[in-house]
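Undergrad:
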């Protein structure tokens, strides 16, 4: 779970990912050190059917976030409630259908949803913490 209690988080109906119940811009996700280089972490905001699950992946000092829902079927990528998604060489995997997604853009390079991308949630590292960032400037 992200730091602090889920009840302390500000909710918005639309966020950088466009999903209901997603954390607001500026919300603390977790410590950068809590996501090992080349690995992932699933952070859950809220409870039950209203929960928002965020996949955080890291490569060096860069982090990316994605909604934890496969494009093939609306299921979380992690099969077990283990708060991580399997990673291999800067790709992460859907445990259900073996789809493989790139860290850098959530693009599916192999599997039943090949050619589609996961819904991105912009992240930033600030003061050693990973936070929800605003949309890219442009």
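Residue numbers (the working numbering): 38 to 175. In this text, a Cβ means the ideal position worked out from N, Cα and C, and glycines have one as well.
Check whether the Cβ atoms of residue 162 and residue 61 sit closer than 8 angstroms, and answer yes or no.
TA: No; because the gap between Cβ atoms is not below 8 angstroms, this pair is not in contact.
Undergrad: If residue 122 sits next to residue 112, beta carbons under 8 angstroms apart, how far is it from one beta carbon to the other, in whole angstroms?
TA: Residue 122 to residue 112, Cβ: 12 angstroms. No contact.
Undergrad: Quick one: give me the first and last residue of the beta strand (DSSP E) that residue 90 is part of.
TA: Start and end: 89-96.
Undergrad: Skipping 5 residues on each side, what residues in its chain have a beta carbon closer than 7 angstroms to that of residue 78?
TA: Same-chain partners within the cutoff: 67, 71, 72, 93, 120, 121.
Undergrad: What does a CB cutoff of less than 6 angstroms around residue 145 pick up in its chain, not counting 5 residues either side in sequence?
TA: So the list reads 136, 138, 151, 153, once near-sequence residues are dropped.
Undergrad: Buried or exposed: which applies to residue 127, given that a residue is buried once 16 or more other Cβ atoms fall within 10 Å of its Cβ?
TA: It counts as exposed.
Undergrad: For residue 71, which three-state DSSP category applies?
TA: DSSP places residue 71 in helix when its eight states are reduced to three.
Undergrad: Taking the alpha-carbon positions, what's the residue 108 to residue 133 distance?
TA: Looking at the two C-alpha atoms, the distance is approximately 12 angstroms.
Undergrad: Would you mind sorting residue 86 into buried or exposed? The rule is 16 or more other CB atoms within 10 Å of its CB.
TA: Classification of residue 86: exposed, given that the 10 Å Cβ count is below 16.
Undergrad: Whole angstroms are fine: how far does the CA of residue 96 sit from the CA of residue 54?
TA: Caution applies to residue 54, whose pLDDT of 49 falls short of 50 and renders its modelled position unreliable; the model cannot decide the point.
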